[in-house]
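> Residue numbers (our numbering): 68 to 324. Next up is a structure, given as structure tokens.
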DNA sequence: ATGGTTGTTGGACAA
């Protein structure tokens, strides 16, 4: 089972990029973030014509997530529990071939000092609680997406410059570790403990891509039952270098059948 | 230190 995650920064703007990449990469499941369109504006016909079943949670202008699969997806959940009126489209979860899979778009949280940062932390608390309930099922669980979390100093080109940023400050990293400490592994770092300069995002500004000034913020968290089947996790940098690219690139996970 | 870019949308806001 090959599962990819990709923050596409507008699915309509990026449709040719995504279609072209899918034809080459051939994942079984694609998790999308930052659709930037309402559910009804998602290019459903294009994906269905290409053989994809689409679970879409959209929102006007911002956010938006989707789970695309070649096989049937069942028991779809369109929000993270515990929201209490949270209308931001940041979570979709479904079962594909016995694996519980989520596409999530964790809040950015900047600037710290505004209500955006406590919203991020509260969202992470909700994710932690839900991740714990998923663990109790004792099934393979894959939580993939744009976490907006830089796990460690090896995951950012200039750690000092990012020390107070919402993606890297201690409180954010500690909360991320709390989720791992429930019993999840972060697939890429588990397989590549010493790899450096492995980024999944490069800002559009200041030539970040050309200078390889990137961040690793797109992750897969795996329950023990999924971790036992983990065979590969790689970042595919190729789409970031294409014309009209998203500022994120795709990360691909492989689980044994 | 500042500004640098992109997307949605038609002026900011988000990233």
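The beta carbon of each residue, even a glycine, is placed where N, CA and C say it ideally should be. Just so you know, these numbers come straight off a predicted model, no measurement behind them.
1. Whole angstroms is fine: what's the gap from residue 88's alpha carbon to residue 306's?
2. Taking the beta carbon of residue 187 as the centre, do at least 16 other beta carbons fall within 10 Å, making it buried, or is it exposed?
3. Would you tell me roughly how many angstroms separate the C-alpha atoms of residue 274 and residue 280, rounded to the nearest one?
4. Taking the beta strand (DSSP E) that residue 170 falls in, what are its first and last residues?
5. Under a three-way DSSP split, which group does residue 85 fall into?
6. Taking the CB atoms as reference points, tell me whether residue 8 and residue 135 lie closer together than 8 angstroms.
7. Contact defined as beta carbons within less than 8 angstroms: I believe residue 218 pairs with residue 245. What is the distance between those atoms, to the nearest angstrom?
8. So, with DSSP's three-state summary, where would you put residue 231?
9. Could you tell me the boundaries of the beta strand (DSSP E) in which residue 197 lies?
10. Closer than 8 angstroms is the cut-off here; do at least three beta carbon pairs connect the region 141-157 with the region 180-194?
11. Could you name the residues of the same chain whose beta carbon sits closer than 6 angstroms to that of residue 81, not counting the 5 residues immediately before and after it, in chain order?
12. Pick helix, strand or coil for residue 109, following the three-state DSSP scheme.
13. Please return the same chain residues whose Cβ sits closer than 7 angstroms to the Cβ of residue 215, not counting the five positions on each side in sequence.
14. Which residue or residues does DSSP assign as beta-bridge partners of residue 158?
15. Just tell me which of 117, 203, 125 has its CA closest to the CA of residue 290.
16. Rounded to whole angstroms, what is the Cα-Cα separation between residue 123 and residue 142?
17. Would DSSP call residue 283 helix, strand or coil?
18. Taking only the alpha-carbon atoms, compute the straight-line gap between residue 121 and residue 148 and give it to the nearest angstrom.
19. Relative to the alpha-carbon of residue 326, which residue among 208, 251, 318 has its alpha-carbon at the smallest distance?
Well, looking at it:
1. Translated into the one-based positions of the first chain, residue 88 becomes position 21. Translated into the one-based positions of the first chain, residue 306 becomes position 239. So the alpha carbons of these two residues sit roughly 7 angstroms apart.
2. What you label residue 187 is simply residue 120 of the first chain in a count that begins at 1. Answer is buried; the Cβ neighbour count reaches 16.
3. Translated into positions along the first chain, residue 274 becomes position 207. Translated into positions along the first chain, residue 280 becomes position 213. Each residue's alpha carbon lies about 8 angstroms from the other.
4. The residue labelled residue 170 in the question sits at position 103 within the first chain. That run of the beta strand (DSSP E) goes 166-172.
5. Within the first chain, the letter at position 18 stands for residue 85. Helix, per DSSP.
6. Nothing can be reported for residue 8: it is not among the residues displayed for the chain, which extend from 68 to 324.
7. Mapped onto the first chain, residue 218 falls at position 151. Mapped onto the first chain, residue 245 falls at position 178. The Cβ separation is near 12 angstroms, so there is no contact.
8. To locate residue 231, count along the first chain from 1; it is residue 164. It is coil, neither helix nor strand.
9. The residue labelled residue 197 in the question sits at position 130 within the first chain. It is not in any beta strand (DSSP E) - residue 197 instead sits in the alpha helix (DSSP H) that spans 183-202.
10. yes
11. On the first chain, position 14 is the one that residue 81 refers to. Closer than 6 angstroms at Cβ, skipping near neighbours: 75, 313.
12. Taking the first residue of the first chain as 1, we reach residue 109 at position 42. The answer is coil: DSSP assigns residue 109 none of H, G, I, E or B.
13. Translated into the one-based positions of the first chain, residue 215 becomes position 148. Counting only Cβ-Cβ distances below 7 angstroms, and skipping sequence neighbours, we find 173, 174, 175, 176, 234, 284.
14. Walking along the first chain from the start, residue 158 turns up at place 91. Answer is 171, bridged to residue 158.
15. For the purposes of this step, residue 290 is identified with residue 223 of the first chain, where counting begins at 1. Measuring from the Cα of residue 290, the nearest candidate turns out to be 203.
16. As a first step, residue 123 must be located in the first chain, where it is residue number 56. As a first step, residue 142 must be located in the first chain, where it is residue number 75. Taking the straight line from one Cα to the other gives about 13 angstroms.
17. Taking the first residue of the first chain as 1, we reach residue 283 at position 216. In the structure shown, residue 283 sits in coil (DSSP, three-state: anything other than H, G, I, E or B).
18. Reading the first chain from its first residue, position 54 is the one you call residue 121. Reading the first chain from its first residue, position 81 is the one you call residue 148. Going by the C-alpha atoms only, they are around 21 angstroms apart.
19. This structure gives no information on residue 326, because the portion of the chain shown stretches from 68 to 324.
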